[in-house]
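One structure is given here, and the rest of the page talks about it.
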Amino acid sequence: AQSVTQPDIHITVSEGASLELRCNYSYGATPYLFWYVQSPGQGLQLLLKYFSGDTLVQGIKGFEAEFKRSQSSFNLRKPSVHWSDAAEYFCAVDQKAAGNKLTFGGGTRVLVKP
Amino acid sequence: EPEVTQTPSHQVTQMGQEVILRCVPISNHLYFYWYRQILGQKVEFLVSFYNNEISEKSEIFDDQFSVERPDGSNFTLKIRSTKLEDSAMYFCASSEARQGTDTQYFGPGTRLTVL
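Chains A and B are the protein sequences, given in the same order.
Sequential numbering of the first sequence, starting at 2, is according to our numbering.
Sequential numbering of the second sequence, starting at 979, is according to our numbering.
Below, the structure is given as structure tokens:
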């Protein structure tokens, strides 16, 4: 079955440390790939997206993600986290032919220690 | 920056009652969506809507659900006779176009609790 997997439900990281959130997808062809963030009481905000071309994508708030076709992965990274990065992060895919219907991973909740 | 808004933020209802969840999409957007997230589960697509009709719907979106754009600004999701399992966070989203490359902008959600 086609799916999006975020293996880590919770991650705790110290402020200033680096962060990497994992995302794997299972689709026949490369879908469009997205990372969204949800802060408490807020909607889902798009961090970045990958459609084609350069496999390293820069997003807002200092985040980047790398698409690796061989691993069917689209991991999100940030070199130095800030306390305001504490939130839930969702990886999502659009199967291109599915008409802009997003399929989400289960989310990873990030806690930032002072 | 334009944003999608949703009302109410929290709705509590009795099983069997009808509820209407409201959304105001971004003003120049033409495509509208509803997603839901049951507590502890993934965000799931429910329906997409364009030009006053449903473009696509998931198997979740059965006859108990309906969507409407009653005027030029609102987009609503109606659940006719709520069940306990309808308790979830419901997210509205909108996009300018329906290409997979087009960003969907999400609202903050309405938490529906069915008692």
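Think of the CB as a built atom: it goes at the ideal place given N, C-alpha and C, for glycine as much as any other residue.
Note that the structure is predicted; figures quoted are calculated from it, not measured.
- Excluding residues up to 5 positions away in sequence, Val5, Tyr26, Pro32, Leu34, Thr104 lie with their Cβ nearer than 6 Å to the Cβ of A/Val94 in the same chain.
- In summary, B/Glu1031 is exposed, with fewer than 16 beta-carbon neighbours lying within 10 Å of its beta-carbon over all protein chains present.
- In the three-state scheme derived from DSSP, where H, G and I count as helix and E and B as strand, B/Ile998 is classed as strand.
- Within the DSSP secondary-structure output, B/Arg1089 pairs in a beta bridge with B/His988, B/Met1067.
- Segment contact: the region 1045 to 1057 of chain B against the region 61 to 69 of chain A, fewer than three CB-CB distances shorter than 8 Å; contact not assigned.
- For the region 1011 to 1035 of chain B, residues whose beta-carbon sits nearer than 7 Å to a beta-carbon of chain A comprise Lys1020, Val1021, Phe1023, Ser1026, Ser1033, Glu1034.
- Distances from the CA of A/Glu89 to each of A/Leu20, A/Pro41, A/Tyr28 were compared; the closest alpha carbon is that of A/Pro41.
- About 25 Å separates the Cβ atoms of B/Val1025 and B/Leu1093, ruling out a contact at the 8 Å cut-off.
- Taking 7 Å as the upper bound on Cβ-Cβ separation, chain B lies near residues Tyr33 of the region 24 to 35 of chain A.
- In the structure shown, B/Leu1017 falls within a coil segment according to DSSP collapsed to helix, strand and coil.
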